[in-house]
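Chain order of the listed sequences is L and V. This note's numbering runs 683 ahead of the 1-based position in the first sequence. This note's numbering runs 683 ahead of the 1-based position in the second sequence. The C-beta atom is built at its ideal place from N, Cα and C for all residues, glycine as well. All values reported here derive from a predicted model rather than from experimental measurement. Below is one structure, written out as C-alpha cells; the observations come after it.
2 protein chains.
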Amino acid sequence: MFSKTCEHAIKAIIFVTKQTLEGKRASLKTIAFGIESPEAYTAKILQLLVKNEFIFSIKGAAGGFETDLNKMKKLSLMRVVEVFDGDSIANRCVLGLKTCSSRNPCPFHDKYAPVRARLVCILENTSIMDLALGLIAGKTSLKE
Amino acid sequence: MFSKTCEHAIKAIIFVTKQTLEGKRASLKTIAFGIESPEAYTAKILQLLVKNEFIFSIKGAAGGFETDLNKMKKLSLMRVVEVFDGDSIANRCVLGLKTCSSRNPCPFHDKYAPVRARLVCILENTSIMDLALGLIAGKTSLKE
DNA sequence: GTTAAATCGGACAAAAATATCCGATTTAAT
DNA sequence: ATTAAATCGGATATTTTTGTCCGATTTAAC
Numbered sequence: 684m685f686s687k688t689c690e691h692a693i694k695a696i697i698f699v700t701k702q703t704l705e706g707k708r709a710s711l712k713t714i715a716f717g718i719e720s721p722e723a724y725t726a727k728i729l730q731l732l733v734k735n736e737f738i739f740s741i742k743g744a745a746g747g748f749e750t751d752l753n754k755m756k757k758l759s760l761m762r763v764v765e766v767f768d769g770d771s772i773a774n775r776c777v778l779g780l781k782t783c784s785s786r787n788p789c790p791f792h793d794k795y796a797p798v799r800a801r802l803v804c805i806l807e808n809t810s811i812m813d814l815a816l817g818l819i820a821g822k823t824s825l826k827e
Numbered sequence: 684m685f686s687k688t689c690e691h692a693i694k695a696i697i698f699v700t701k702q703t704l705e706g707k708r709a710s711l712k713t714i715a716f717g718i719e720s721p722e723a724y725t726a727k728i729l730q731l732l733v734k735n736e737f738i739f740s741i742k743g744a745a746g747g748f749e750t751d752l753n754k755m756k757k758l759s760l761m762r763v764v765e766v767f768d769g770d771s772i773a774n775r776c777v778l779g780l781k782t783c784s785s786r787n788p789c790p791f792h793d794k795y796a797p798v799r800a801r802l803v804c805i806l807e808n809t810s811i812m813d814l815a816l817g818l819i820a821g822k823t824s825l826k827e
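Rendered as C-alpha cells:
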C-alpha cells in the first residue's frame, strides 16, 4: 500500500514522537534500531521529514531529533503519506489507467471507490500523536 | 495496491472474457492492444493465466486465448490477485512488520483492519464475469 | 578554541520489479 | 506435407525502488 520509504517515514515519526513524549531526544542510531530500518536509509528519510517540518533536528554533540507535540496532535497520517507517496493512495487507478475516474471508470473503479474513500477518511482522521500514544501505552509495536 | 504484473493480468482476463462473450477468440496482439500493455510482457502473463487454468490457449493459425464462461462467473478477483501477488493484500502489515497481527499490532493495524476486511470481501465477491459484463455494457473501460 | 558527536547532501550500489528478445515448438488451415 | 500463425520458455535488458558510502558541515560540551 505504502512505499517502503513511506513505511520507514511513518514508523520514524511515530518513534520520534514517542521519544519526545518521554522527554528523550532521539538520535539516528536509536531511531534506526527502534524501528528496525537501515541506518543510512533512515538518515535520508529523517532529512526529508525535517525538510517538510514534520520533525526538527538538533546538530552537535548530544543532538538528535524531536517533534513539536502540539503539531503531532494535528498532523494527520495522510499528510505524511502524501509527502512520500504523493496522491496515489487517494487517486491512482487500481488497474493503472491514467484517466480512470467516476466519469470514465475502469472495471473495478465503482466497487473500489467506497473502500478508498473510507481509507482516506481514516488516514485524515488519524494523527501521529494518536499512533504514538498507542505505542507508549504498550498496545502497539514498531518492531517484531 | 496490486503489482503491475497483477494489473496486467486482471485487465487481460477481463478482456479475454469479453472477447469470448462476443464469440471472438483473442490473439496476443489483440489483447496487448486492447489493454494497452507491452506485448512481450503480456505474453508472459497470459502464460501464467493459462498455467493456472484461468484461461486456455489455442495454438496454431487463427489460435489465441479464450475463457470458460461458466468458470468466469465463479472466479473471483481475489483468486486472480492471490496468484499474482500472493496474500499480501489480505495479510501484509501496512508498515512492513513481519509479525503484525491483532495480537501484536503495529500502530495502524486496528484502524486499517476493517478497511482491509471490506476490501477482501469485495474482491471475493466480485467475479471476472461481473467485470467483463460492465465492459461490454460500455459502462467501464480498459484503456485511456 | 578544540573536540567529538551528530546531521547533511550528493554520488554511488544493490536488489527487485518490469519489460524485451529470440529461437523452439505446436498446430490449424490449406 | 507444407505453411504460417500463434504460443512457449529461458535468457537477458531496463527501470524503479531501496539502500549504502563518505566527506563536508554544524554545533553542543568541555
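> Helix, strand or coil: which one does DSSP assign to residue 690/V?
Replying inline: On the second sequence, position 7 is the one that residue 690/V refers to. Here residue 690/V sits in helix by DSSP.
> With 16 other CB atoms within 10 Å as the buried threshold, where does residue 790/V fall?
Replying inline: Position 107 of the second sequence, counted from the start, is the residue given in the question as residue 790/V. Label assigned to residue 790/V: buried.
>> Helix, strand or coil for residue 746/L? Go by DSSP, reduced to three states.
In response: Locating residue 746/L in the first sequence gives position 63, where the first residue counts as 1. Coil.
>> Which residues in chain V have a C-beta closer than 7 angstroms to the C-beta of residue 684/L? List them in chain order.
In response: Translated into the one-based positions of the first sequence, residue 684/L becomes position 1. Residues of chain V passing the Cβ test: 684, 777.
>> DSSP three-state label for residue 810/L, please.
In response: Residue numbering aside, residue 810/L sits at position 127 when the first sequence is read from its first letter. The answer is strand: DSSP assigns residue 810/L an E or B state.
> Curious, which full-length alpha helix (DSSP H) runs of at least 4 residues does the stretch 725–801 of chain V contain?
Replying inline: 752–757, 760–768, 771–774
>> Judging by CA-CA distance, which residue of 827/V, 806/V, 810/V is the nearest neighbour of residue 684/V?
In response: To locate residue 684/V, count along the second sequence from 1; it is residue 1. Answer by Cα proximity: 806/V.
> How should residue 741/L be labelled, buried or exposed, when 16 other C-beta atoms within 10 angstroms of its C-beta is the threshold for buried?
Replying inline: Taking the first sequence and counting its residues from 1, the one referred to as residue 741/L is at position 58. The residue is exposed, with fewer than 16 neighbouring Cβ atoms inside 10 Å.
> Is the beta carbon of residue 819/L less than 9 angstroms from the beta carbon of residue 737/L?
Replying inline: Along the first sequence, one-based indexing puts residue 819/L at 136. Along the first sequence, one-based indexing puts residue 737/L at 54. No, the Cβ-Cβ distance between residue 819/L and residue 737/L is not below 9 angstroms.
>> Please report the distance separating the alpha-carbon of residue 792/L from that of residue 725/L.
In response: Walking along the first sequence from the start, residue 792/L turns up at place 109. Walking along the first sequence from the start, residue 725/L turns up at place 42. In a straight line, the C-alpha of residue 792/L is about 35 angstroms away from that of residue 725/L.
>> Does chain L have any CB closer than 9 angstroms to the CB of residue 715/V?
In response: On the second sequence, residue 715/V is found 32 positions in, with the first residue counted as 1. No, residue 715/V lies away from the interface with chain L (no Cβ there is under 9 angstroms from its Cβ).
> Going along chain L, which residues have a C-beta under 7 angstroms from residue 738/V?
Replying inline: Taking the first residue of the second sequence as position 1, residue 738/V is located at position 55. Under the 7 angstroms cutoff, chain L gives no residues; its nearest Cβ is about 16 angstroms from residue 738/V.
> DSSP three-state call for residue 723/L: helix, strand or coil?
Replying inline: What you label residue 723/L is simply residue 40 of the first sequence in a count that begins at 1. Of the three classes helix, strand and coil, the one that applies to residue 723/L here is helix, per DSSP.
>> Contact defined as beta carbons within less than 8 angstroms: I believe residue 700/V pairs with residue 750/V. What is the distance between those atoms, to the nearest angstrom?
In response: The residue you call residue 700/V lines up with position 17 of the second sequence. The residue you call residue 750/V lines up with position 67 of the second sequence. Contact holds; Cβ gap of about 5 angstroms.
> Where does residue 739/L land, buried or exposed, given buried means 16+ other C-beta within 10 angstroms?
Replying inline: As a first step, residue 739/L must be located in the first sequence, where it is residue number 56. Looking at its Cβ environment, which holds fewer than 16 other Cβ atoms inside 10 Å, residue 739/L is exposed.
>> Can you pull out the residues from the stretch 796–808 of chain V whose beta carbon lies closer than 7 angstroms to at least one beta carbon of chain L?
In response: 798, 801, 802, 805
>> Taking 9 angstroms as the threshold (beta carbon to beta carbon), is residue 891/V in contact with chain L?
In response: Within the shown structure, residues of chain V are numbered from 684 to 827, placing residue 891/V beyond reach of any answer.
>> Here's the rule: buried if 16 or more other CB atoms are within 10 angstroms of the residue's CB, otherwise exposed. What is residue 733/L?
In response: Numbered from 1 along the first sequence, position 50 holds the residue referred to as residue 733/L. Its Cβ having fewer than 16 others within 10 Å, residue 733/L is exposed.
> Short check: CB of residue 697/L to CB of residue 802/L, under 9 angstroms?
Replying inline: One-based indexing of the first sequence puts residue 697/L at position 14. One-based indexing of the first sequence puts residue 802/L at position 119. It is not a contact, given that the beta carbons lie outside the stated cut-off.
> Could you check where the alpha helix (DSSP H) with residue 830/V kicks off and where it finishes?
Replying inline: Nothing can be reported for residue 830/V, as the shown portion of chain V is limited to 684 through 827.
> With 9 angstroms set as the bound, which would you pick, yes or no: does the beta-carbon of residue 728/V sit closer than that to a beta-carbon of chain L?
Replying inline: Against the second sequence, residue 728/V aligns to sequence position 45. Residue 728/V does not count as touching chain L.
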